[in-house]
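Novice: Numbering (the working numbering), first residue to last: 396 to 763. Where a beta carbon is used, it is the ideal one built from N, C-alpha and C, also for glycine. Here it is, the structure in full.
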């Protein structure tokens, strides 16, 4: 989570980027929405958040300080082998509901105390916290950034092939009453994956709520892959993966909001849309989806973007490589195996930092 000193460091890094003639506007923007991946992670201030033996997040020091007040729920301890402390949800909580209830109790106390700015956006809408084995607990979506839990969402690029303006893209302006990014410009449709909803199901639901897209048009929805990035703000950490859909719309269709979360829609020619993402009134964490769309549709190319490959690299950050820590339960017969596993964990964490440093250096040197 960003502190005053962190803000000064980020400002210095931005000034260095601005003075670097090798970095295009687009690459600087990609650095911005990956500020934690390229800078914050390397500082080593965050600790793995472990549930049921699996790392599911990253926790900053100012959050850890508050979690220490609840030792019956959160354990902050050193691993069996290695130097890095971990934050572990009490292993005595053995099931989804118990974990969810215990974590929610603490988060509601934080909220009542006005402890974290992120919790001002409490929504009573939960995200699943998952490992490779399945869902481990649920957590209010406003709180996931405090634990660096991976977030998943859906984004729909609504576009029109206009007879005179060419490729055009629909954007929405978020309501001024939204808890996050109020009044900012955004993709036509977007939404997080809440508990109990699938990817396509979420896309269809959000399309109806945010843009009133009827069934005969939404059936033309085309899956276009994912983008992933790791952003940080004063609210916390955002390791985001967005499932991307493209939807070609007829020229005479105009989106119409039905849930009160959008105040305006605008149809822009592709080149104007590209300029819009550089404006301060555009939602930073929606930039990757727009850039990805413009690359896939030949608006951004190696011929007009000097840092083409570096930008693409930063649209597909390997987030899974940052969540490798595992703990094991020791029995009399598996001590040697656990020692090996713990050593491997430490090696994996060091390898992640080294790999990120190599990527960062390669990007800055224009070798990617």
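#1: What are the start and end residues of the alpha helix (DSSP H) that includes residue 518?
#2: Over what stretch of residues does the alpha helix (DSSP H) that includes residue 497 continue unbroken?
#3: Can you tell me whether residue 515 is buried or exposed? The criterion is at least 16 other CB atoms within 10 Å of its CB, across all chains shown.
#4: According to DSSP, is residue 716 helix, strand or coil?
#5: Could you tell me whether the Cβ atoms of residue 589 and residue 551 are closer together than 8 Å?
#6: Output needed for residue 544: all residues of its chain with C-beta closer than 8 Å, excluding positions within five of it in sequence on either side, in chain order.
#7: How far does the beta strand (DSSP E) with residue 481 in it reach, from first residue to last?
#8: Which first and last residues belong to the alpha helix (DSSP H) in which residue 641 is found?
#9: Please report the straight-line C-alpha distance between residue 709 and residue 425, rounded to a whole angstrom.
#10: By a C-beta neighbour count over all protein chains shown, 10 Å radius and 16 as the cutoff for buried, is residue 766 buried or exposed?
#11: If you drop the 5 nearest sequence neighbours on each side, which residues of the same chain put their C-beta closer than 6 Å to that of residue 664?
#12: As a quick exercise: from 701, 679, 718 and 715, pick the residue whose alpha carbon is nearest that of residue 418.
#13: Could you check whether residue 566 and residue 668 sit closer than 8 Å to each other, using their CB atoms as the reference points?
#14: Would you mind working out which of 510, 440 and 570 sits nearest residue 583, comparing C-alpha positions?
#15: Beta-carbon separation of residue 580 and residue 519 under 8 Å?
#16: Taking DSSP's pairing of strands, which residues face residue 624 in a bridge?
Specialist: Quick look at the numbers:
#1: Counted from its first residue, the chain shown places residue 518 at position 123. First-last for residue 518: undefined, no H or E at that position.
#2: Position 102 of the chain shown, counted from the first residue, corresponds to residue 497. Looking at the DSSP string, the run of the alpha helix (DSSP H) that includes residue 497 is 491-507.
#3: Position 120 of the chain shown, counting from 1, holds the residue named residue 515. So residue 515 ends up on the exposed side.
#4: As a position in the chain shown, residue 716 is number 321, starting the count at 1. DSSP places residue 716 in helix when its eight states are reduced to three.
#5: In the chain shown, counting from the first residue as 1, residue 589 sits at position 194. In the chain shown, counting from the first residue as 1, residue 551 sits at position 156. Contact: no.
#6: Here the question's residue 544 lines up with position 149 in the chain shown. Closer than 8 Å at the Cβ level, and outside the excluded window around residue 544, lie 444, 451, 452, 522, 524, 534 and 634.
#7: Looking up residue 481 in the chain shown gives position 86. First-last of the beta strand (DSSP E) with residue 481: 481-484.
#8: Taking the chain shown and counting its residues from 1, one reaches residue 641 at position 246. It is not in any alpha helix (DSSP H) - residue 641 instead sits in the beta strand (DSSP E) that spans 631-643.
#9: Residue mapping note: residue 709 aligns to position 314 of the chain shown, counting from 1. Residue mapping note: residue 425 aligns to position 30 of the chain shown, counting from 1. Taking the straight line joining both Cα atoms gives about 6 Å.
#10: The structure shown does not extend to residue 766, since the chain is modelled only from 396 through 763, so no value can be given for it.
#11: As a working note, residue 664 is residue 269 in the chain shown. So the list reads 560 and 563, once near-sequence residues are dropped.
#12: Taking the chain shown and counting its residues from 1, one reaches residue 418 at position 23. Among 701, 679, 718 and 715, the Cα nearest to that of residue 418 belongs to 701.
#13: Indexing the chain shown from 1 puts residue 668 at position 273. Indexing the chain shown from 1 puts residue 566 at position 171. Cβ atoms of residue 668 and residue 566: closer than 8 Å.
#14: One-based indexing of the chain shown puts residue 583 at position 188. The shortest Cα separation from residue 583 among 510, 440 and 570 belongs to 570.
#15: Translated into positions along the chain shown, residue 580 becomes position 185. Translated into positions along the chain shown, residue 519 becomes position 124. For residue 580 and residue 519, no; Cβs fall outside 8 Å.
#16: Here residue 624 refers to the residue found at position 229 of the chain shown. According to DSSP, residue 624 bridges with 635.
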